[in-house]
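Step one of this worksheet: look at the structure below.
There are 2 protein chains.
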Amino acid sequence: MSAAPFAVWAPLPASVTLVVREIGETEGQKIPMRQAEEGWWEPDAPLPGGGRGELEYGYLLDGSDTVLADPRSRRQVDGVHGWSRTYDAASFAWTDDTWNGRQLAGSIIYELHVGTFTPDGTLDAAIGRLDHLVRLGVDFVELMPVNAFNGDHNWGYDGVLWYAVHEAYGGPAAYQRFVDACHGVGLGVIQDVVYNHLGPSGNYLPQFGPYLNEGGSNTWGDSPNLDGEDSDEVRRYIIDNAVMWLRDYHVDGLRLDAVHALHDTRATHLLEELSIETEALSAFVGRPLPLIAESDLNDPRLITAREGGGYGLTGQWNDDFHHALYVSLTGDTTGYYADFESLAALGKVFENGFFHDGTRSTFRGRTHGHPIDTLRTPTWRLVVCSDNHDQIGNRAAGERLSDKLSPQQQALAALVTLLSPFTPMIFMGEEWGASTPWRFFTSHPEPELAEAVRSGRLEEFAQMEWDVANVPDPQDDSTYQSSKLDWDELQQPVHADLLAQTEALIKIRRTYPDFTDPRFDQGRATSDDEGGWLLVQRGSMTLAVNFSDAATGVPVERPLEPVYVIGEAEVDGDLVRLGAHSALVARTP
Amino acid sequence: MSAAPFAVWAPLPASVTLVVREIGETEGQKIPMRQAEEGWWEPDAPLPGGGRGELEYGYLLDGSDTVLADPRSRRQVDGVHGWSRTYDAASFAWTDDTWNGRQLAGSIIYELHVGTFTPDGTLDAAIGRLDHLVRLGVDFVELMPVNAFNGDHNWGYDGVLWYAVHEAYGGPAAYQRFVDACHGVGLGVIQDVVYNHLGPSGNYLPQFGPYLNEGGSNTWGDSPNLDGEDSDEVRRYIIDNAVMWLRDYHVDGLRLDAVHALHDTRATHLLEELSIETEALSAFVGRPLPLIAESDLNDPRLITAREGGGYGLTGQWNDDFHHALYVSLTGDTTGYYADFESLAALGKVFENGFFHDGTRSTFRGRTHGHPIDTLRTPTWRLVVCSDNHDQIGNRAAGERLSDKLSPQQQALAALVTLLSPFTPMIFMGEEWGASTPWRFFTSHPEPELAEAVRSGRLEEFAQMEWDVANVPDPQDDSTYQSSKLDWDELQQPVHADLLAQTEALIKIRRTYPDFTDPRFDQGRATSDDEGGWLLVQRGSMTLAVNFSDAATGVPVERPLEPVYVIGEAEVDGDLVRLGAHSALVARTP
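Just so you know, the sequences run in chain order A and B.
Count along the first sequence starting at 1, add 20, and that's the number in the numbering used here.
Count along the second sequence starting at 1, add 20, and that's the number in the numbering used here.
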């Protein structure tokens, strides 16, 4: 690539002109560009003020007079259709010199959407709530995508300018303040990044070059061109973006959205290349830089160390855990939940990581997955949750588990997740059983697009035979506003109680090493569908959970000393008696 | 094992009696012990004061009236032949809550012997010098063994009570203060531990149980019983000791002394078991816990991740690097240096890690080593140095490289080590070219043992046909005193200059990512024995080093911008002109 200021990769147009203006000006100065190597263009005339200082700029392709944003723009003050603005990331005065990063092993993640975490919906407002996260006891904040997207608010997965921090969140400077503040209170930051598609509006990349693999689209749009002609630069575009977050913004790890939607036939898969480059960066910055994939492939290759022939990602989300736990809690066996009907599914996940490890997936109409090498793979490579932005937001009305479950059942969900041997993740508000929904919301300014999103959403649910009357309009501002956390709920005893239980469970996790022990073979799970119970033993620790709404008895083979109880639990000789929706955490002396 | 207070593993004696006394008392109270499971004994009567508070204690075996120290003693106030003293490690008020540990990747290690680092020779005195290490820019302090050994001073490898911190260093409380202070200034602590033999005096373990594999001794004594009868508890003794440092004393990593001297035929080698247990602990404490082996096996299995079928140690010392560099600097090709005569040996190490990777070792009279999988193994797994306690101390008079090399040559040594892709290690004082020797010293109080050590040392060197008149008496106090660093040297320009160069080289390492890039295949080395030069290219960085005492010219194939010069260096077209003992660090734009 070219290192010249304002250089741009644009192998498609026959001519590229740079336009630059001072902040506040309306007219830009046109600077002709000359072709450099490998599709790059460089300014061919002096820049105003030598190109230093804050400037607005954009590109005119093939003599057009439409100013297009820089594909690597750091700021889009007027949105994704507007001019780009320079931002000098090196100018920030970091205060995190003594921060050595955080390893994924042993950690707990807190997933957070900037726009709805606080009433203000900004990164600076989020800083004001970090003390809550520290008290809760989590290690990483995982920010849902902050890249520039169309409109004011959005989940973030419709990003089109991956290098820019969404202006309504506060832009790149606020982002740096946020990361610095997190490090100051001992929290790592994981950034959710989307490399599998671009949003439906503001994506001008195809005019610059073959960024997209137009033959191979996925659910959300065209997937990136990772293995076609000119794909070296497209891969570089992705990897440089990852490096930007980790190096320039001091981010501690990345969550890679839906990697199963990446199409790459190369001998070195993009994910392995990303691992390699991230390992090199990690050695340079002296901090662990975990990469966590969202994957529905159930393919252990992703999380196997490169020394073991894998791609070398640090971890991946494990949907099987969610599905098995969700079915255990709710009894819902519709759609892809069907295979998880028996509590043995949750038990299998505890023992083997994946439920679908070569077994038949009814939903997919084929066998699915591959077994994890449980003797060598650490349990913490799997990130698990009882709810997350996708599970909640993709329900018709964006209702959380709290909408379906009693507080006591929510405590069961927290117990099974937080005392699992995996890496637990909490979705913001879940720790107190937030009653606010978390809905699918968009804010596309274009009426046609707004209507397309609105009707598309309805169609989707109509196909699933849901009552579409309950589906909120994604474009309605109240859909967004109603998704914001209501922090005043914490004043109510029921929410304060649930928060106290979540905090207690996190403390228990950190008190008894058996819970974080990464050896699969240290755990054994049994269950009984009729009795409605699951029994998990890890080392000297035991979890006995009654998911059913009737009292039950769990046979145990060793003496138990109660450590924590949800609902009613009693050790009676060789039996643990559990009330409805109750659980016991115990240790064997 | 038994969790009872004062329990002891002693499968050999037919009876065990505990003796306990308050501090200051001379007589102890005898407490009978009863056999518990698997060779463990537990007190069979109430303990004075309930066994709480600080107490002195020991064991009488088979009716003997000789009080033996606890094999797991935490303190030996009166030396290894005296009574044990209880120490409550949990009582320390740690201030390192926000410390997340340190990863080995990208780090620099500083090896330090507590007794000779400062005039006082204590851990508390060492705390007073941490600012020097922070300014220098290292990441880890590696403490030579601090376990209890016979006498007042010693290198530490003659330890006999592995759980006790040597009292003359300040004991366990001072140790905790030291680790806490290191964390406070951002330094990690690696503890050197010796599990391959026990020292010649104060080793009463064989009276308790079959700790030693008496059939299979190594250079230094009987090796531990890792695979014979009752070896489960011996392995537990070792692993629990590792856990003690990492958990109770907040240590950040271990250096495992001479692992090639461990004899273990089990399917799971002790080193793999140690990796597994350390990984579990790491997930519990949420900190990376690197394990670094000293190994002369050149066997990549040690440092291959468990997911790749290896033992899963984090790193190992790479003697080949030292030997190749030493020969390049000194021209000495005696003994095991013979194979490293050509500069191509150093080049091979840069490209492949091991020089002996299946090649013939003249010194060993056989082929030696196995190639590293350079496409998958990160370079930082190899710890390298130009001098260390062994290389210095095992020379007859304990002379450092500074004794043989000019300051400019010492700067070359620093450059090649600190800008290598491996994990550099500095031996205390090397950063300023300390002129003080670092000798082999002991302080055995027993005259016979003192004489044996003295004459053994002379014999050893006589066999190598050295002039034994130059070999200092290990037992002479002046041998110890003369080995202490002379910090006043830093006032002399020659030493201050060398320190400034070391600091500058560390800054260069941290400025250009190519130096820490862990990919072997990013590096290429060429050399010319006649011209006396080595050329290393890593990414966009180039090192050109002239080891010879004549000016030389190094042909280069790309444009170079000088970044750092030692001696005289000049880029002249396709040639780098180097003065005698000179070097150039350069980058290609």
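Glycine included, each C-beta is placed from N, C-alpha and C at the ideal position.
Owing to the predicted nature of the structure, the values given are computational and were not obtained by experimental measurement.
To the nearest angstrom, how far is the alpha carbon of residue i from that of residue j?
i: A:Arg307; j: B:Ala30; result: 45 Å
i: B:Tyr231; j: B:Ala287; result: 20 Å
i: B:Glu577; j: B:Leu604; result: 15 Å
i: A:Pro33; j: A:Asp64; result: 16 Å
i: B:Asp423; j: B:Ile412; result: 10 Å
i: B:Arg477; j: B:Thr106; result: 36 Å
i: B:Asn167; j: B:Tyr183; result: 6 Å
i: B:Val404; j: B:Glu297; result: 26 Å
i: B:Tyr257; j: A:Leu555; result: 33 Å
i: A:Ser302; j: B:Thr531; result: 14 Å
i: B:Pro579; j: B:Ala606; result: 9 Å
i: B:Glu74; j: B:Asp108; result: 8 Å
i: A:Gly273; j: B:Gly593; result: 44 Å
Can you give me the start and stop residues for the beta strand (DSSP E) that residue i sits inside?
i: A:Val404; result: Leu402 to Val404
i: B:Asn566; result: Met561 to Asn566
i: B:Leu554; result: Trp553 to Arg558
i: B:Gly367; result: Premise fails: B:Gly367 lies in the alpha helix (DSSP H), Leu363 to Asn372, not in any beta strand (DSSP E).
i: A:Ser302; result: That residue, A:Ser302, is in no beta strand (DSSP E); its alpha helix (DSSP H) goes Leu290 to Val305.
i: B:Phe447; result: Thr443 to Phe447
i: A:Gly548; result: Before going on, a small fix: residue 548 of chain A reads as Asp here, not Gly. Note, A:Asp548: beta strand (DSSP E), Gly543 to Asp548.
i: B:His610; result: Past the boundaries of the shown model lies residue 610 of chain B; chain B is included only from 21 to 609, so the question cannot be answered.
Suppose contacts are defined by Cβ-Cβ distances below 8 Å. Is residue i in contact with residue j by that definition?
i: B:Gln49; j: B:Val36; result: no
i: A:Arg544; j: A:Phe535; result: no
i: A:Phe447; j: A:Asn408; result: yes
i: B:Ala125; j: B:Pro444; result: no
i: B:Arg420; j: B:Trp458; result: yes
i: A:Phe169; j: A:Gly179; result: yes
i: B:Asn613; j: B:Ala278; result: Summary: the structure shown does not reach residue 613 of chain B, with chain B confined to residues 21 through 609, and so no result is reported for it.
i: B:Phe567; j: B:Leu425; result: no
i: B:Phe540; j: B:Thr394; result: yes
i: B:Leu363; j: B:Ser547; result: yes
i: A:Thr379; j: A:Thr324; result: no
i: A:Asp352; j: A:Thr382; result: no
Using a cut-off of 8 Å between C-beta atoms, extract the partners of residue i located in chain B.
i: A:Phe540; result: Here the premise fails: no neighbours, minimum Cβ distance about 12 Å.
i: A:Pro533; result: Ala300, Leu301 and Phe304
Can you name the start and end residues of the alpha helix (DSSP H) that residue i belongs to?
i: A:Phe198; result: Gly191 to Gly204
i: A:Ala14; result: Any property of residue 14 of chain A remains undetermined from this structure, which presents chain A solely from 21 to 609.
i: A:Gln521; result: Pro513 to Thr531
i: A:Asn216; result: Premise fails: A:Asn216 is in no alpha helix (DSSP H) and is neither H nor E.
i: B:Asp592; result: Element bounds for B:Asp592: not the alpha helix (DSSP H) but the beta strand (DSSP E), Ala589 to Asp592.
i: B:Tyr257; result: Ser251 to Val263
i: B:Asp64; result: B:Asp64 -> no alpha helix (DSSP H), and no H or E assigned at all.
Which bits of chain A does residue i rub up against, with CB to CB less than 9 Å?
i: B:Gln123; result: Asn120, Gly121, Gln123, Ser302, Ala303, Gly306, Arg307 and Pro308
i: B:Gly206; result: Asp117, Thr118 and Asn120
Check the Cβ of residue i against every Cβ in chain A and list those closer than 8 Å, keeping chain order.
i: B:Ala325; result: Ala325, Glu327 and Gly328
i: B:Asp159; result: Gly306
i: B:Asp537; result: Ala300, Ala303 and Phe304
Taking residue i as the reference, give the member of the options with the closest Cα.
i: B:Asp410; options: B:Gly190, B:His390, B:Trp337 and B:Gly44; result: B:Trp337
i: A:Asn490; options: A:Ala482, A:Ala416 and A:Trp553; result: A:Ala416
i: A:Leu143; options: A:Leu163, A:Ile129, A:Leu153 and A:Ile128; result: A:Leu163
i: B:Ser440; options: B:Leu207, B:Ser251 and B:Arg401; result: B:Arg401
i: B:Asp506; options: B:Phe460, B:Thr456 and B:Asn261; result: B:Thr456
i: B:Leu282; options: B:Glu249, B:Gly222, B:Gly241 and B:Leu598; result: B:Gly241
i: A:Gly206; options: A:Gly593, A:Arg384, A:Ala110 and A:Gly121; result: A:Gly121
Run through chain B and tell me which residues come within less than 9 Å of residue i, C-beta to C-beta.
i: A:Trp400; result: Ala303
Closer than 7 Å by beta-carbon distance: list the chain B residues that pair up with residue i, in chain order.
i: A:Arg396; result: Arg326 and Glu327
Show which residues of chain A have a CB atom less than 7 Å away from the CB atom of residue i.
i: B:Ser127; result: Gly306
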